[in-house]
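Residue numbers (our numbering), protein chains in the order written: chain V, 1 to 105; chain X, 1 to 105.
2 protein chains.
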Amino acid sequence: MNETQSQEMVKTLKALANPVRLKMIASLGENPKNLYALAKELSLPYPLAYLHLDGLKKRGLVKEVREEKKVEGLPSVKYYAPADFKLVLTPSIIKKLFQTKKEAS
Amino acid sequence: MNETQSQEMVKTLKALANPVRLKMIASLGENPKNLYALAKELSLPYPLAYLHLDGLKKRGLVKEVREEKKVEGLPSVKYYAPADFKLVLTPSIIKKLFQTKKEAS
DNA sequence: CTTATATATAAGAAAATTATTATATAGATG
DNA sequence: CATCTATATAATAATTTTCTTATATATAAG
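Laid out in structure tokens, this is it:
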């Protein structure tokens, strides 16, 4: 089987299969913001928001973006935006993910 | 927000975000089979396979198909195949899932 | 009549995910 | 100097998901 590919797919699906993380992507899609602001907007305690965003970052679904608005010497104001991903899943794609390499289609 | 739509999406993603269930779809995509055979093929205890297949059926990702091969008076040999679904997910789609109906794009 | 096939489901255990609480640091505001 | 913004992370608690064990039923094969 195509271990890595199918495992990566499961990880990506798990990262997306959560209402909080989807809301985060939706909110950052409206306009990029920092984690503190995102947590407030979604009424989440900061550490929880931190954990969820961390999961999205690790999966490459959210990226840090350089916002020009950094006013003064604000030290660590990081802005995030959704990565430009596209997930497509059909029975046929799933079948291919679990096919052994040798079998020719 | 579009409660139902986003909630349904999370449910579908959760149903797919599992290696066993993806393998089931992959196997049933090769050729439809009954649950007993599927469990054996994937080396899963029947009750576990039953639970996973149940989840897929409830999400409409797997359907019961009438196989003509039912030989004799075999009473309850049910064959399953993947439903013809297509899941597509992008940041823009996620954004729309969580948009309030009023906002025009 | 025992074994294999075949389905169904409950109940509990184990593991993973999600959420909370606590702690630490640091600059800016008032 | 206390409060607000802002980030980071550890440790634990709560919840959900996953897995196992047990039970029940029924047909077919040997």
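Just so it is clear, CB atoms sit at the ideal spot from N, CA and C, and this is done for glycine as well.
Scanning its chain for C-beta atoms nearer than 7 Å, with the 5 sequence neighbours on each side dropped, one finds around V:H52 the residues V20, R21 and M24, in chain order. By alpha-carbon distance to X:L28, the top candidate from X:F98, X:K57 and X:T100 is X:K57. The stretch 30-41 of chain X and the stretch 83-101 of chain X do not touch, with fewer than 3 CB-CB distances between them shorter than 8 Å. Residues of chain X with a Cβ closer than 8 Å to the Cβ of V:P19 are, in chain order, S6, Q7 and V10. DSSP places V:K78 in no alpha helix (DSSP H); its state is neither H nor E.
Around the beta carbon of V:L48, a 10 Å sphere encloses fewer than 16 other beta carbons of the protein chains shown; the residue is thus reported as exposed. Taking the beta carbon of X:E30 as reference, the chain V residues within 7 Å of it are K95, listed in sequence order.
In the DSSP assignment, X:L87 is bridged to V:L89. Under the DSSP assignment, V:K63 falls in the beta strand (DSSP E) whose first and last residues are V62 to V65.
Interface residue (Cβ-Cβ distance to chain X less than 8 Å): V:T100 is not classified as such. A distance below 8 Å between beta-carbons, with the five flanking residues on each side excluded, links X:V62 to the following residues of its chain, in chain order: M24, I25, L28, L53, L56, Y80, A81, P82 and A83. A residue is called buried once 16 or more other Cβ atoms fall within 10 Å of its Cβ, and X:P45, having fewer, is exposed. Residue pairing for X:K33: DSSP places it in a beta bridge opposite X:Y80.
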